[in-house]
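Input: a single structure, listed below in structure tokens.
Protein chains: 2
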Amino acid sequence: MAVKQKVLLLGATGETGTSILKGLQESGNFNIEVLVRPTSANKPSVQKIQEQGIKTWCIDLNESTDLISALSGVDVLISAIGPQDVLQQKKLFKAAKLAGIKRVVPCAFITVAPPNGAMLVRDEKEEVYNDIKLLGIPYTIIDVGYWYQISFPIVPSGKVDYASVIPNNTIHGDGTAPNLLTDLRDIGRFVARIISDDRTLNKYVYTFGDILTEKEIYRIAEELSGEKLESTPMSTEQIEDSVVQAKAAFSQDPQDPMKRMFLYLSEYKLSKYVRKDNRPAYADYLGYLNARSLYPEFTPLSFRDFFAEVLDGKGRKVYSS
Amino acid sequence: MAVKQKVLLLGATGETGTSILKGLQESGNFNIEVLVRPTSANKPSVQKIQEQGIKTWCIDLNESTDLISALSGVDVLISAIGPQDVLQQKKLFKAAKLAGIKRVVPCAFITVAPPNGAMLVRDEKEEVYNDIKLLGIPYTIIDVGYWYQISFPIVPSGKVDYASVIPNNTIHGDGTAPNLLTDLRDIGRFVARIISDDRTLNKYVYTFGDILTEKEIYRIAEELSGEKLESTPMSTEQIEDSVVQAKAAFSQDPQDPMKRMFLYLSEYKLSKYVRKDNRPAYADYLGYLNARSLYPEFTPLSFRDFFAEVLDGKGRKVYSS
């Protein structure tokens with residue numbers, strides 16, 4: 005029997021990290037340990053992880069010696085740190101180099117986008133990827149598009165409001181930009197496959213369950229709900245203006261997490277609906293591998309099935325626990 | 005008969021550009037035009053190009069409308085602009101996007117090195133590559149390692165001094181770092197093949213004639229010259245110190261071209277001999293294609309044959325005309 009790979013996961017209590025932890029457990033192929041920052045140590049979600057018998061390291065990401073201890077014997081280091089904290093990964097990867105980690109998976113897990121100049125959230129990740137390449141550590145970058153869980157419209161009956169983070173029915177531009185979408189719950193299932201695969205070493209990989217335009221999403225929602233949806237248009241110019249405004253607000257107060265968040269959201273819209281970056285053609289251009297081609301035997305959740313569940317009251321509002 | 009690709013070349017009078025122009029002419033597969041900046045318009049080397057009947061566009065790289073005219077109908081845009089001017093390419097590639105160019109080859113043509121953080125000359129190129137990816141233009145990055153012409157030692161008899169740019173016999177570190185080396189004259193021959201090849205679209209490619217350590221280079225030089233070479237060692241610490249000093253001098257006066265040049269040279273040494281970036285393993289890690297594997301039928305000039313020519317008085321000092 006093959007020896008299980010030892011994986012150390014940072015950010016295990018976030019939405020992406022939770023999916024990764026579950027996906028790795030589900031596969032049964034890994035010995036999993038979790039890295040927690042002191043600020044998170046007392047979270048109930050961390051206690052739940054510990055109650056499952058998962059070894060938890062509580063370490064300050066600035067303490068290189070402690071990091072090297074935690075990384076000793078680790079095969080794969082995965083980071084699902086929050087977007088506002090990505091630059092905190094820098095010392096972690098230096099320690100990973102010293103510890104001789106066989107593969108690092110830095111926090112990517114976003115839409116496919118240009119390496120620099122289109123989205124602050126992507127630019128900061130690029131800074132970390134460049135550090136990794138400077139160190140020469142084997143790596144895999146995994147991007148997942150946008151989540152189903154934040155890509156569905158509300159219906160007039162109010163049936164799906166309970167699961168909607170920001171209930172609204174905006175249609176961006178003409179609603180025909182296709183976007184790579186992945187069910188949040190499938191991220192970990194993809195990750196479990198990707199990190200066991202030599203073909204993905206030193207490569208970028210994108211995942212998706214479906215590739216849908218907003219018009220197609222609305223059609224599915226109307227068909228499944230039997231309701232007629234209303235929508236509010238947001239023009240290309242309005243999207244561009246919102247980026248200009250969000251950038252100005254952010255530059256005046258770069259420490260404000262809300263201003264950062266609004267900049268992320270407006271730039272995501274520009275990238276997804278105006279630039280149309282988050283699609284296979286642009287991913288191919290950037291040199292990504294397609295996870296669906298790599299793992300044809302794995303059938304991810306479809307958006308249709310996801311939305312049927314939400315209508316059925318079985319959804320969950322993300323960022324709510 | 006296939007229609008010839010139309011190529012527009014910027015930097016045709018520099019060392020790399022001259023090689024590219026010759027390589028494209030030699031292949032017979034291209035309609036070649038040349039883009040010259042007004043500051044170079046009256047150079048004798050530009051007149052020589054015009055005397056060959058090659059169409060020459062004299063355009064300011066800040067004049068987008070003029071650039072679009074020159075780029076109209078161009079299939080491939082190649083830039084061999086000097087390292088100090090790489091950021092001047094930015095408007096050129098914006099114009100290339102508007103003109104619908106099928107492939108751009110931004111000025112790379114250096115050693116294999118990390119995208120950011122190891123060499124200023126590489127960092128500035130990365131800024132341009134990121135612009136290209138933001139624009140989504142089809143591209144090819146071609147790196148060539150270091151030239152034979154600046155990689156050979158002098159011999160005690162003084163026979164090769166005439167062809168040496170900076171005559172010296174320094175051995176860096178223990179002299180065992182392998183480096184990708186290409187004869188300057190082969191760059192254009194590789195480029196002619198690479199730009200006619202769909203496999204290299206949106207890819208990085210490295211070329212080499214030989215992969216040699218300094219010890220191997222000295223052995224060849226001793227064997228061919230029959231002379232016993234002397235050398236001066238430069239330790240890893242001395243190389244690292246020279247980078248620290250060059251960075252300090254450059255930061256005090258970033259407009260000084262000599263301080264920039266010294267920084268380039270010291271960082272090249274660090275990258276080639278201490279970090280050992282300029283070799284196939286690191287190029288593979290960064291996702292480069294190997295031009296020798298792509299074109300097995302093409303035999304580039306060997307370092308041995310190159311040095312025999314130099315000993316025979318048939319060399320040429322680069323940067324001397």
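The listed protein sequences derive, respectively, from chains C and G. Per my numbering, the very first residue in the first sequence carries number 5; after that it's consecutive. Per my numbering, the very first residue in the second sequence carries number 5; after that it's consecutive. Ideal Cβ placement from N, Cα and C applies to all residues, glycine included. Quick caveat: nothing in here was measured; it's all calculated off a predicted structure.
Along the region 282-311 of chain G, where does the CB come closer than 7 Å to a CB of chain C? Name the residues. Tyr-286, Tyr-289, Leu-290 and Gly-291
Closest to C:Tyr-208 by C-alpha separation, out of C:Phe-34, C:Phe-266, C:Met-262 and C:Thr-115, would be which residue? As a first step, residue 208 of chain C must be located in the first sequence, where it is residue number 204. When each option's Cα is compared against that of C:Tyr-208, the closest is C:Thr-115.
Contact with chain C by G:Asn-120, beta-carbon distance below 8 Å: Looking up residue 120 of chain G in the second sequence gives position 116. It does: the Cβ of G:Asn-120 has a partner Cβ on chain C nearer than 8 Å.
Short CB-CB distance (under 8 Å) between G:Gly-18 and chain C: The residue given as residue 18 of chain G occupies position 14 in the second sequence. G:Gly-18 does not count as touching chain C.
Note down, in chain order, every chain C residue with its Cβ under 9 Å from the Cβ of G:Asn-134. For this step, residue 134 of chain G is matched to residue 130 along the second sequence. Result: Pro-118, Pro-119, Asn-120, Gly-121 and Glu-130.
Going along the region 203-214 of chain G in order, which residues come within less than 8 Å of chain C, judged by CB to CB distance? Asn-206 and Lys-207
Using C-beta distances below 8 Å, list every residue in its chain close to G:Ala-84, excluding the 5 sequence neighbours before and after it, in chain order. As a position in the second sequence, residue 84 of chain G is number 80, starting the count at 1. Result list for G:Ala-84: Leu-13, Leu-14, Gly-15, Ala-16, Gly-18, Thr-20, Gly-21, Ile-24, Cys-111 and Phe-113, in chain order.
Could you list which residues in chain G have their beta carbon closer than 7 Å to that of C:Leu-102, in chain order? The residue you call residue 102 of chain C lines up with position 98 of the first sequence. What C:Leu-102 touches in chain G: nothing, since even the nearest Cβ is about 16 Å away.
Quick check: the Cα distance between C:Asp-257 and C:Ile-154, rounded to an integer number of angstroms? Residue numbering aside, residue 257 of chain C sits at position 253 when the first sequence is read from its first letter. Residue numbering aside, residue 154 of chain C sits at position 150 when the first sequence is read from its first letter. Computed Cα separation, rounded: 27 Å.
Mind checking if C:Lys-26 is an interface residue toward chain G, Cβ cutoff 8 Å exclusive? Residue 26 of chain C sits at position 22 when you count from the first residue of the first sequence. With 8 Å as the cut-off, C:Lys-26 does not count as an interface residue toward chain G.
I'd like the ranges of any beta strand (DSSP E) spanning at least 3 consecutive residues and lying wholly in the region 47-134 of chain G. 59-62, 80-83 and 107-109
Limits of the alpha helix (DSSP H) - the one that G:Ile-145 falls within: Mapped onto the second sequence, residue 145 of chain G falls at position 141. First-last for G:Ile-145: 144-147, but that is the beta strand (DSSP E), not the alpha helix (DSSP H).
Supposed contact pair G:Leu-188 and G:Phe-212 - C-beta distance, whole angstroms, cut 8 Å: Locating residue 212 of chain G in the second sequence gives position 208, where the first residue counts as 1. Locating residue 188 of chain G in the second sequence gives position 184, where the first residue counts as 1. With 8 Å as the limit, G:Phe-212 and G:Leu-188 do not qualify as a contact, their Cβ atoms being about 13 Å apart.
Suppose contacts are defined by Cβ-Cβ distances below 8 Å. Is G:Ala-122 in contact with G:Ser-275 by that definition? Numbered from its first residue, the second sequence carries residue 122 of chain G at position 118. Numbered from its first residue, the second sequence carries residue 275 of chain G at position 271. For G:Ala-122 and G:Ser-275, yes; Cβs fall inside 8 Å.
Local conformation of G:Tyr-208 per DSSP, three classes: Walking along the second sequence from the start, residue 208 of chain G turns up at place 204. Looking at G:Tyr-208 - three-state DSSP - the assignment turns out to be strand.
Listed by chain order, chain G residues near C:Lys-137 by CB distance under 7 Å: Mapped onto the first sequence, residue 137 of chain C falls at position 133. Ordered by position in chain G, the residues that pass the 7 Å Cβ test against C:Lys-137 are Pro-118, Pro-119 and Leu-290.
Is there a Cβ of chain G sitting closer than 8 Å to that of C:Gly-149, yes or no? Your numbering for residue 149 of chain C matches position 145 in the first sequence. With 8 Å as the cut-off, C:Gly-149 does not count as an interface residue toward chain G.
Counting only Cβ-Cβ distances shorter than 8 Å, please list the residues of the region 170-198 of chain C near chain G, keeping chain order. none
Closer than 7 Å by C-beta to G:Ile-198: which residues in its own chain qualify, once you throw out the five before and the five after it? Chain order, please. Counted from its first residue, the second sequence places residue 198 of chain G at position 194. Result list for G:Ile-198: Thr-144, Ile-146, Thr-204, Val-209 and Ala-295, in chain order.
Can you tell me whether G:Gln-259 is helix, strand or coil according to DSSP? The sequence position of residue 259 of chain G within the second sequence is 255, counting from 1. Coil, per DSSP.
Could you tell me the alpha carbon to alpha carbon distance between G:Gly-27 and G:Thr-60, rounded to whole angstroms? Looking up residue 27 of chain G in the second sequence gives position 23. Looking up residue 60 of chain G in the second sequence gives position 56. Spanning the two alpha carbons is a distance of roughly 18 Å.
At a CB-CB cut-off below 7 Å, which residues of chain C make contact with G:Gly-140? Indexing the second sequence from 1 puts residue 140 of chain G at position 136. Simply Tyr-286 and Tyr-289.
Note down the Cα distance separating G:Ala-225 from G:Ser-49, rounded to an integer number of angstroms. As a position in the second sequence, residue 225 of chain G is number 221, starting the count at 1. As a position in the second sequence, residue 49 of chain G is number 45, starting the count at 1. One C-alpha to the other measures close to 33 Å.
Does DSSP put G:Val-38 in a helix, a strand or coil? Against the second sequence, residue 38 of chain G aligns to sequence position 34. Correct three-state label for G:Val-38: strand.
Among residues of its own chain, excluding the 5 on either side of G:Pro-261, which ones have a beta-carbon nearer than 8 Å to its beta-carbon? Along the second sequence, read from residue 1 onward, the residue named residue 261 of chain G stands at position 257. Hits under 8 Å: Gln-88.
Cβ-Cβ separation, C:His-176 to C:Met-238 (assumed contact under 8 Å), whole Å: To locate residue 238 of chain C, count along the first sequence from 1; it is residue 234. To locate residue 176 of chain C, count along the first sequence from 1; it is residue 172. Rounded, the Cβ-Cβ distance is 5 Å, consistent with contact.
Closer than 8 Å is the cut-off here; do at least three beta carbon pairs connect the region 164-173 of chain C with the region 309-324 of chain C? yes
What's the C-alpha gap between C:Gly-32 and C:Val-80? Translated into the one-based positions of the first sequence, residue 32 of chain C becomes position 28. Translated into the one-based positions of the first sequence, residue 80 of chain C becomes position 76. One C-alpha to the other measures close to 15 Å.
Spatial neighbours of G:Asn-173 in its chain, beta-carbon cut-off 7 Å, leaving aside the 5 residues before and after: Here residue 173 of chain G corresponds to residue number 169 of the second sequence, with the count starting at 1. Contacts found: Pro-157, Ile-158, Leu-233, Glu-234, Ser-235 and Thr-236.
Could you say which of C:Gln-29, C:Ala-196, C:Val-38 and C:Val-278 lies nearest to C:Thr-217 if we only look at CA atoms? Within the first sequence, residue 217 of chain C is the residue found at index 213, counting from 1. Out of C:Gln-29, C:Ala-196, C:Val-38 and C:Val-278, C:Val-278 has the C-alpha closest to the C-alpha of C:Thr-217.
Can you tell me which of C:Leu-124, C:Glu-131, C:Gln-9 and C:Pro-119 puts its alpha carbon nearest to the alpha carbon of C:Lys-95? Working through the first sequence from its first residue, we reach residue 95 of chain C at position 91. Ranking the options by Cα distance to C:Lys-95, first place goes to C:Glu-131.
Range covered by the beta strand (DSSP E) that runs through C:Lys-163: As a working note, residue 163 of chain C is residue 159 in the first sequence. No beta strand (DSSP E) contains C:Lys-163, which DSSP labels as neither H nor E.
Am I right that C:Asn-120 and G:Asn-134 are in contact with their C-beta atoms under 8 Å? What's the rounded C-beta distance? The residue you call residue 120 of chain C lines up with position 116 of the first sequence. The residue you call residue 134 of chain G lines up with position 130 of the second sequence. That pair is a contact at about 4 Å.
Is the CB-CB distance between G:Phe-97 and G:Ile-136 below 8 Å? Counted from its first residue, the second sequence places residue 97 of chain G at position 93. Counted from its first residue, the second sequence places residue 136 of chain G at position 132. Yes.
Using the C-alpha atoms, what's the distance from G:Ala-252 back to G:Glu-103? As a working mapping, residue 103 of chain G is identified with position 99 in the second sequence. As a working mapping, residue 252 of chain G is identified with position 248 in the second sequence. Going by the sequence as given, residue 103 of chain G is Ala instead of Glu. Cα-Cα distance, rounded: 42 Å.
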